[in-house]
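Residue numbers (the numbering used here): 183 to 456. Glycine is no exception: its CB is placed at the ideal position from the N, C-alpha and C atoms. Since this is a predicted model, take the numbers as computed values, not measurements.
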């Protein structure tokens, strides 16, 4: 290889492959994606600060503080709202060249790493379950979320629906389990079940129209419940438990409804063929 060839080879390798000018311009949708990422980061910071503060003051003894969990969850719900609107804003105005990548990276932080870290804080300081089991369940949530996002970028369903549980809904379901149950083998199995749903082939309908409005309303109601829980702890935690129970019931009901619907379709096809 001559020096000229080497120089041209290096030039080809270093040459930008896309519209560099546009790639460095952040759109309004990108700002929402970055806001989502920041909310996920702040949620992890809140949980870590609470754990460090308690371990320092209590001399190695740690009990999860409900208010820190509530604050972290409010931040994640705000991030979910940003995630809900960034696509709408991108379609309504303009999307940058790196919009899709920013969206996925932000989702990994807010709905992959942050819920996984919350599982560790929730179950990692108890004697009820071994620490490696807690870390394994948390890692399963993170890995399933990453795989779910990568598959979403590569695979499109014929119906246009989501293949597998969407990662924001998966994160909120993991959080609901943390809110409702004490760390145990059974609750960790429930966390693993949510991770499996994220990478499964079960199709979840995309929120559109009235469904989209219902999802946004659900997020706002949960933010209100959590704010009330943090501000007035003497009022009890019944509202947030109701919201968490509804989230788990919704995620469990959709696969059952899909299975029933497909069975009905097969029976109808068999009836027509016969």
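Taking the Cα positions, residue 287 is about 45 angstroms away from residue 452.
Annotation: the continuous alpha helix (DSSP H) that includes residue 362 extends over 349 to 362.
Closest by C-alpha distance to residue 333, out of 346, 321 and 322, is 346. In this structure, residue 225 lies away from residue 319, with their beta-carbon atoms at least 7 angstroms apart.
Between residue 268 and residue 211, the C-beta spacing is below 7 angstroms. Take the alpha-carbon of residue 367 and the one of residue 311: they are about 6 angstroms apart. Inter-residue distance for residue 294 and residue 253 is about 18 angstroms (C-alpha atoms, whole angstroms). Excluding its 5 nearest sequence neighbours in each direction, residue 217 has C-beta neighbours in its own chain below 6 angstroms: 264, listed in chain order. By the neighbour-count definition (other C-beta atoms within 10 Å, threshold 16), residue 358 is a buried residue. When the Cα atoms are used, residue 215 and residue 313 turn out to be separated by approximately 33 angstroms. As DSSP reads the structure, residue 386 sits in a beta bridge with 344.
Excluding the 5 residues flanking it on each side, residue 228 has same chain C-beta neighbours closer than 8 angstroms at 250, 253, 254 and 257, in chain order. Taking the Cα positions, residue 377 is about 6 angstroms away from residue 322. In the structure shown, residue 308 adopts coil according to DSSP, grouped into three states. The distance from the Cβ of residue 302 to that of residue 316 is about 6 angstroms, consistent with a contact at the 8 angstroms cut-off. Rounded to whole angstroms, the gap between the alpha carbons of residue 309 and residue 427 is 26 angstroms. With respect to residue 236, residue 244 sits close: the two C-beta atoms are nearer than 7 angstroms. In the structure shown, residue 207 falls within a coil segment according to DSSP collapsed to helix, strand and coil.
Comparing alpha-carbon positions, the option among 423, 396, 430 and 208 lying closest to residue 355 turns out to be 430.
Taking C-alpha positions only, residue 384 is separated from residue 434 by approximately 11 angstroms.
Bounds of any alpha helix (DSSP H) do not take in residue 291, whose DSSP letter is neither H nor E. Within the model, the alpha-carbon separation for residue 276 versus residue 266 is close to 16 angstroms.
The three-state secondary structure of residue 247, taken from DSSP, is coil. Secondary structure of residue 365 (DSSP, three-state): coil.
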